[in-house]
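Protein chains: 2
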Amino acid sequence: MANSKKISIAVIRRLPRYYRYLADLLRMDITRISSKELSQRMGITASQIRQDLNCFGGFGQQGYGYNVEVLYKEIGKILGVVNNRFHFIIIGAGNMGQALANYENFEKRGFQLVGIFDINPQLIGKKIRNVEIMHMDQLDEFVKNNKVDIAVLTVPYKNIPEVAEKVASLGIKGLWNFSAMDLKLPYDDIIIENVHLSDSLMVLGYRLKESQKKKKKKEGTNDSGNTNNESNTNN
Amino acid sequence: MANSKKISIAVIRRLPRYYRYLADLLRMDITRISSKELSQRMGITASQIRQDLNCFGGFGQQGYGYNVEVLYKEIGKILGVVNNRFHFIIIGAGNMGQALANYENFEKRGFQLVGIFDINPQLIGKKIRNVEIMHMDQLDEFVKNNKVDIAVLTVPYKNIPEVAEKVASLGIKGLWNFSAMDLKLPYDDIIIENVHLSDSLMVLGYRLKESQKKKKKKEGTNDSGNTNNESNTNN
């Protein structure tokens, strides 16, 4: 059904969000939903929703809307949540590394933590949810003997290039990079997702500023608030 | 120059990324850049870049391109990085809370950490980068006596609704929510940004899966790889 034509990365980036909302609907025993209702819940336009889901061959029926369970399963399939089980390791067992190791959510999404690595002797041997923290010296051996699809990089900024290069040389194809640096590597087949937490904070700051402006305007003589701020929209 | 018309949230969400790339260019002493060059660096189309920056009145000149410093400053102004200084507190001093408290990057973006709160007696009194962890009982008093614009919520999932309600009742207008729950509150003037880390991981998983498919196709008889995977694109 899906996936024979080129799908833009912008659409792909919205799919996890559809997936979450559909999971919520299922939990509430809602079995079908129109693009209009879904639009109101998600805060994006109904036409955007129809356009996005059309990329994958539709799933909707005129006058009926979407079958929530079918749509949920299909998007799960597209994202590889259902059929794939990715194994990941975390490199860097500081606060961020440990926080991520504790996210039970990742498992539900098809991602299984299989190892944690650090160089701090005080951390080696400690267990997080039954996964032991190993020394970086053991990384080569570990990757040789275990399936590892993804390395999560939560090491300090200055160490990122070296660690990324190391990981790539071991044949790990997916990098999830938390270093606030847009990592690039000279390999065609390495996939990198860079996480920039401060981007999200800056968007919050912008929306806050616009909201305050609007409020001041309303309190003043001119109350034609015309900014782009919507309460509670997200993403 | 900017900001008199409605700007879509999708454009706003791309601005922090432009801001980061322009900062990089400045560090490399690059003073001007064409939309084409910027496009190659950022992995988005030149026409998208022109369209985005047109929302704010342009800044570009035909045949010259963009003045990097001017553009950097303008985007900084729009995002409020230059003129605003937001004060934020972190609620929940577990691994994620402590990791965020240690992000020096936020300060450079105009966000200053002024307090950390938790209920764990073992954490109270501990300092992270000179900011003391206080007990939740002290929150009311603290917010009364200090300017607090944003609360970062890094408490466990089940406590989020209660903590969010509490924070909103104290008059804090910005919430940065790490609970993997799309938080909504019945207040018009509260701005919420929900962070869903697993969304990014799922996109990585998708791209990895597509890349493997493409590789298998190439290795097989049919080598017309036609998936949407680009190595090293991000965001």
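Protein sequence lines, in the order shown, are assigned to chains A and B. Residues in the first sequence are numbered consecutively from 1, following our numbering. Residues in the second sequence are numbered consecutively from 1, following our numbering. Every residue, glycine too, gets a C-beta built ideally from N, C-alpha and C. Given the structure is predicted, the values throughout are model-derived calculations rather than measurements.
Does the distance from the C-beta atom of Ser34 of chain A to that of Gly65 of chain A stay below 7 angstroms? yes
Entirely enclosed alpha helix (DSSP H) segments - the region 69 to 130 of chain B, minimum 4 residues: 95 to 101 and 105 to 108
What did DSSP end up calling Ala151 of chain A once you bin it into helix, strand or coil? strand
Assuming contact is defined by CB atoms lying nearer than 7 angstroms, are Gln98 of chain B and Asn67 of chain A in contact in what I supplied? no
Please classify Asn169 of chain A as buried or exposed, where buried requires at least 16 neighbouring CB atoms within 10 angstroms. Residue identity differs from the one stated: residue 169 of chain A is Ser in this sequence, not Asn. Its Cβ having fewer than 16 others within 10 Å, Ser169 of chain A is exposed.
Ile12 of chain A versus chain B: which residues are under 8 angstroms apart at the beta carbon? Val203, Tyr206, Arg207 and Asn228
Can we say the region 179 to 199 of chain B touches the region 101 to 115 of chain A, given the rule of at least three CB pairs closer than 8 angstroms? yes
Between the CA atoms of Asn159 of chain B and Gly174 of chain B - distance to the nearest angstrom: 18 angstroms
Output the boundary residues of the alpha helix (DSSP H) element that contains Gly205 of chain B. Leu197 to Glu219
Backbone CA spacing between Arg17 of chain A and Val70 of chain A [nearest angstrom]: 16 angstroms
Taking all protein chains shown into account, do 16 or more other C-beta atoms lie within 10 angstroms of the C-beta of Ser8 of chain A, making it buried, or fewer, making it exposed? exposed
Would you please state the rounded distance, in angstroms, between the beta carbons of Leu153 of chain A and Ile91 of chain A? I believe it to be under 8 angstroms. 6 angstroms
For the putative contact between Gly205 of chain B and Gly171 of chain A, defined by C-beta atoms under 8 angstroms, what is the C-beta separation to the nearest angstrom? Not really, about 17 angstroms apart at Cβ, beyond 8 angstroms.
Using 7 angstroms as the limit for Cβ to Cβ distance, is Ala99 of chain B near chain A? yes
Taking Cβ-Cβ distances below 7 angstroms as the criterion, which residues of the region 160 to 172 of chain A are in contact with chain B? none
Tyr66 of chain B lies in the alpha helix (DSSP H); which residues open and close that run? Counting along the chain, Tyr66 of chain B falls outside any alpha helix (DSSP H), though it belongs to the beta strand (DSSP E) covering Gly65 to Asn67.
Scan the region 137 to 151 of chain B for residues whose Cβ lies nearer than 7 angstroms to a Cβ of chain A and list them as they occur along the chain. Asp149 and Ile150
For the alpha helix (DSSP H) containing Ile9 of chain A, list its first residue and its last residue. Ile9 to Arg27
Which residues mark the beginning and the end of the beta strand (DSSP E) in which Leu236 of chain A is found? Since the first and last residues shown for chain A are 1 and 235, residue 236 of chain A lies out of range.
Report yes or no: do three or more beta-carbon pairs, one from the region 113 to 120 of chain A and one from the region 131 to 141 of chain A, lie closer than 8 angstroms? yes
Beta-carbon proximity of Met136 of chain A to Ile150 of chain A, cut-off 7 angstroms: no
Could you give the residue range of the alpha helix (DSSP H) that holds Ile160 of chain B? Ile160 to Ser169
Could you pull out every residue in the same chain whose Cβ sits closer than 6 angstroms to the Cβ of Lys147 of chain A, ignoring the five residues on either side in sequence? His87
Same chain, Cβ closer than 7 angstroms to Leu15 of chain B, five either side skipped, listed in chain order: Ile75, Ile78 and Leu79
Environment of Met28 of chain A [buried if 16+ CB atoms lie within 10 Å]: exposed
Against chain B, which members of the region 181 to 205 of chain A pass a CB distance test of less than 8 angstroms? Asp182, Lys184, Leu185, Tyr187, Asp188, Asp189, Ile190, Ile191, Ile192, Glu193, Asn194, Val195, His196, Leu197, Ser198, Asp199, Ser200, Leu201, Met202, Val203, Leu204 and Gly205
To the nearest whole angstrom, what separates the beta carbons of Arg41 of chain A and Tyr21 of chain A, a pair I think is in contact under 8 angstroms? 6 angstroms
Establish whether the CB of Ser39 of chain A and some CB of chain B are separated by less than 7 angstroms. no
Name, in chain order, the residues that DSSP records as bridge partners for Ile192 of chain A. A:Leu175
Within chain A, the residues that Val81 of chain B reaches when beta carbons sit closer than 9 angstroms: Met202 and Gly205
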